[in-house]
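Asker: Using full-length UniProt numbering, read the sequence shown as starting at 1 and increasing by one per residue.
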Amino acid sequence: MGGRASLAVARRFSPARGGWKAQPSQRCPAVASARRRCAPAAARRVGQGPDDAALSPQSHENTAARPLSCPEPTLERDVGEEIDGKQCRNCTASTRRPMLGRGQVECFEIGRLDSAVIVSASLLVVLAGVSAWTWKHRIVRGGALYRITHVGLVLWLAAAVMQIAVTPLDCKMFWMSMTAPSVTVTTVAWTLFLMEFGPIRGLDSDRWRNPLLICLGAIMTIVAVTNSQHHALLGDGTKLAMIDGRPSLIIEGGPWYWALLSHNYAWVTVAALICVIGFLRTKATFRPLFGALILMTMGPVIGNIAYNTIGFTTFGVDSTPFFFVFTLAANGWLILNSHAMSVDMVGERYIFKESPAPILIADPGGHLVSSNPEAQAALTGPHGAQAQRAFADLLAAIARDGGIDAPAKVVIGDRVFRPQVLMIEDPVHHDRPSMGWTVTLFDVSREETITQSLREAKERAEEASRLQSEFLALVSHELRTPLTSIRGMLDMVHAGQFGDLPPASARPIAVARRNTHRLAALIDDLLDLQKLESCKLEISQEEVDLREVVRTCVEDLEGFGVRNGVALRLDCGSAPCILRTDVERLGQVITNVCSNAIKFSPDDGEVEVAVACLDDFVQICVSDSGEGIPAGSESKVFGRFSQIDGTTTRKHQGSGLGMNIARLIMEQLGGRIYYESEPNVGTTFFIELPQSATHETDVPMQTARTRAA
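#1: Flag this pair as yes or no: are the beta carbons of D351 and T438 separated by less than 8 Å?
#2: DSSP on M435, reduced to helix/strand/coil?
#3: To the nearest angstrom, how far is the alpha carbon of P690 from that of D616?
#4: Rounding to the nearest angstrom, what Cα-Cα distance links W258 and V276 in this structure?
#5: With 16 as the cutoff for other CB atoms within 10 Å, does A266 come out buried or exposed?
#6: If we ignore side chains and look at the alpha-carbon of each, how far apart do I118 and G245 end up?
#7: With the cut-off set at 8 Å, would you say I398 and D528 are in Cβ contact?
#8: Can you have a look at D582 and say buried or exposed, based on whether 16 or more other CB atoms are within 10 angstroms of its CB?
#9: Please determine if the segment 219 to 227 and the segment 172 to 185 are in contact, where contact requires at least 3 C-beta pairs separated by less than 8 Å.
#10: Would you mind stating whether L124 and V161 have Cβ atoms separated by less than 8 Å?
#11: Let me make sure I understand the geometry here. Which of V268, I274 and E447 has the alpha-carbon closest to that of I305?
#12: Which of helix, strand or coil does DSSP assign to F498?
#13: Measuring alpha carbon to alpha carbon, tell me which of P247, L249, G253 and V151 ends up nearest L213.
#14: CA-CA distance, N592 and Q452?
#15: Measuring CB to CB, does V444 end up less than 8 Å from F471?
#16: Is I251 helix, strand or coil when you go by DSSP?
#17: How far does the alpha helix (DSSP H) with S574 in it reach, from first residue to last?
#18: Run through DSSP, which three-state label would S625 get?
#19: Please report the Cβ distance between S595 and L557, rounded to the nearest whole angstrom; I am assuming they are in contact, meaning their Cβ atoms lie under 8 Å.
#20: Between V166 and the rest of its own chain, which residues show a CB-CB distance below 8 Å, the 5 nearest in sequence each way excluded?
#21: From S677 to V562, what does the alpha carbon distance come to, in whole angstroms?
#22: R585 to K531, Cα distance in whole Å?
#23: Between P679, F290 and M659, which lies nearest to I687 when the distance is taken from Cα to Cα?
#24: Let me know if E463 comes out buried or exposed under the rule of 16 or more other beta-carbons within 10 Å of its beta-carbon.
#25: Could you check what DSSP says for R455 in three-state terms: helix, strand or coil?
#26: Could you check the C-alpha separation between T187 and V154 for me, to the nearest Å?
#27: With distance defined between alpha-carbon atoms, name the residue in G413, P407, G402 and V411 nearest to L422.
#28: Does the separation of the CB atoms of A357 and T440 fall below 8 Å?
#29: Whole angstroms are fine: how far does the CA of I665 sit from the CA of Q541?
#30: Between I590 and I620, is the Cβ-Cβ spacing less than 8 Å?
#31: Does DSSP put T282 in a helix, a strand or coil?
#32: Quick one: Cα of E543 to Cα of R580, how far?
#33: Can you tell me where the alpha helix (DSSP H) holding R547 begins and where it ends?
#34: For E72, which residues in the same chain have their Cβ closer than 6 Å to its Cβ, ignoring the five residues on either side in sequence?
#35: Count the other CB atoms, across all protein chains shown, that sit within 10 Å of the CB of D414; report buried if there are 16 or more and exposed otherwise.
Structure (structure tokens):
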């Protein structure tokens with residue numbers, strides 16, 4: 001876990017020697033003989049290193065002072081060196097200062113390609129694959145730190161693999177030193193990840209987190225690379241020994257070694273504390289995840305403690321990175337597939353657990369398997385018995401026909417739910433229909449209340465409209481009979497059938513006649529509107545020249561224009577414009593539009609009426625020179641009983657039915673009416689009809705009724 005990463009330990013504590021030193025289990029009886037036989041070889045190695053001089057024949061007392069552990073007569077030498085034709089085994093090597101100048105080349109050469117190297121390299125490949133796999137997945141919180149942990153562990157294990165593969169002492173020391181940056185970054189990044197992921201908030205800001213990781217990694221890299229000069233990480237007393245059948249390091253830790261070890265264990269302690277607190281604070285659903293995180297954090301720690309105390313190794317090196325490979329791989333699978341890390345899984349979990357809508361999960365037989373808290377509240381609430389029956393009937397219907405005939409509504413107490421049924425596909429057996437069903441019950445009580453209110457309001461409005469239509473029809477008929485008699489009598493008086501009228505009586509009689517005509521026109525409009533709404537307006541088709549229809553209407557309105565000081569101009573063209581239509585109803589529309597144009601034109605104004613016979617339709621344009629119509633006033637222009645000026649003191653009198661009736665008639669005739677207006681310039685109304693089609697009356701009458709409603 002600390003700077004001790006990937007270092008094998010095979011030593012005992014000797015107070016007399018000042019600490020951990022290599023100690024033989026017993027003094028070899030044949031040491032003296034071995035020294036005599038190895039003397040020539042020792043002499044050959046004089047001058048290879050600063051400590052090798054101690055192996056000369058004149059320095060037997062120095063050699064004897066160094067501990068040996070050999071089952072057969074051997075001398076302390078570099079592991080693997082031949083002495084009198086025999087290879088030295090289980091020997092403690094003399095201390096040699098790492099020579100990085102030479103090691104820069106040799107330390108990248110694999111000395112022994114055996115099963116240990118192959119297995120370690122395979123684990124490195126597996127770890128790299130796991131890291132690449134986790135890199136593609138999105139993690140809710142701490143994703144960057146989680147990936148940095150993987151990168152650090154890959155570098156850590158790579159240095160450990162190279163330490164196993166090389167043979168020279170200086171190379172093993174070099175690769176052991178290079179584990180210091182990666183083990184530090186791995187430990188700190190893992191703890192910071194747990195801070196961001198767990199319930200304790202720490203240095204989760206990039207402002208502090210990234211500089212911290214960069215500084216620690218840079219400092220430890222410099223210390224590791226320069227260890228051959230200062231030996232503050234690995235001391236001069238570091239030696240080689242045969243451990244588990246492999247040449248391994250017996251280290252002498254320097255000040256940086258112990259500082260790094262303490263630093264890393266402090267971070268690991270924080271990481272373990274975060275996991276414990278997360279286990280205690282989190283919801284029961286996520287406690288297994290934090291329990292696994294505790295084991296994954298402490299597993300490599302236990303291996304590192306075993307390495308530092310009893311010399312437990314793997315292939316002769318520190319077991320900590322190998323522990324981390326398995327724990328981090330399992331951790332990656334657990335985290336990325338847990339409900340606590342994946343955004344979509346967290347969302348799915350919250351949809352199920354926190355949804356305000358009851359959710360039911362049923363098997364293919366329609367039996368309730370699981371339900372969310374909202375559904376459980378309904379089952380255990382004051383209307384629980386009703387909810388049980390409703391859920392049972394709903395699930396039985398779904399199991400019977402897949403929800404085709406499932407109830408459209410589920411009523412529980414005063415709440416109304418609309419079920420939404422989804423099939424759960426079998427992810428393994430695709431030939432099977434389903435694994436079951438999920439049923440989400442959406443509360444539509446408010447919507448049902450609003451719908452019922454709207455339904456009742458619609459019924460009341462239809463009833464009021466029906467009564468209004470009946471009243472208008474009744475009143476119109478009742479008014480029309482006496483009004484006809486009044487009009488007839490006034491016409492007779494005006495014609496002098498009762499004698500000449502005194503000058504004082506002529507004017508009142510003229511006013512009375514004019515108002516009776518106006519009242520008769522209003523009654524006709526009411527009757528027409530009632531017929532349009534009840535689809536009883538009769539339409540008679542006949543072939544006619546549109547120019548003659550328009551000319552007749554304009555001539556009838558000339559007197560009205562003169563009285564209002566407005567001139568009428570007509571442009572019918574020279575070519576006939578033949579079409580089939582109802583002449584009387586079309587004339588009624590043209591008269592309404594032209595009379596409106598006269599009323600809204602200023603004194604000495606002008607109304608232009610033009611007829612155009614186009615390819616597929618005919619068009620009548622009526623333009624005035626009035627004030628224009630404000631934008632967005634279509635509903636008022638073609639509305640019932642409405643005018644642009646709706647005040648009681650409006651200048652232009654009228655019932656507000658003329659344009660509404662004109663629009664409904666045009667819809668029945670298969671045409672349309674619309675306008676274009678420019679403020680302070682005037683308005684142009686367009687009346688368009690198909691040129692040759694004969695229109696059925698039932699469909700347009702239905703349209704007219706819908707528009708009028």
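Glycine included, C-beta positions come from ideal geometry on N, C-alpha and C. Being a predicted model, the structure only gives us computed values, none of them experimental.
Answerer: In brief:
#1: According to the sequence as given, residue 351 is Ile; it is not Asp. No, they are not a contact pair.
#2: coil
#3: 6 Å
#4: 27 Å
#5: exposed
#6: 16 Å
#7: no
#8: buried
#9: yes
#10: yes
#11: V268
#12: coil
#13: V151
#14: 41 Å
#15: no
#16: coil
#17: That residue, S574, is in no alpha helix (DSSP H); it is neither H nor E in DSSP.
#18: coil
#19: 6 Å
#20: E106, C107, E109, I110, G111, K172 and W175
#21: 24 Å
#22: 13 Å
#23: M659
#24: exposed
#25: helix
#26: 13 Å
#27: G402
#28: yes
#29: 13 Å
#30: yes
#31: coil
#32: 4 Å
#33: L546 to D556
#34: At E72, the pLDDT of 37 sits below 50, so the modelled position is not reliable and the matter cannot be decided from this model.
#35: exposed
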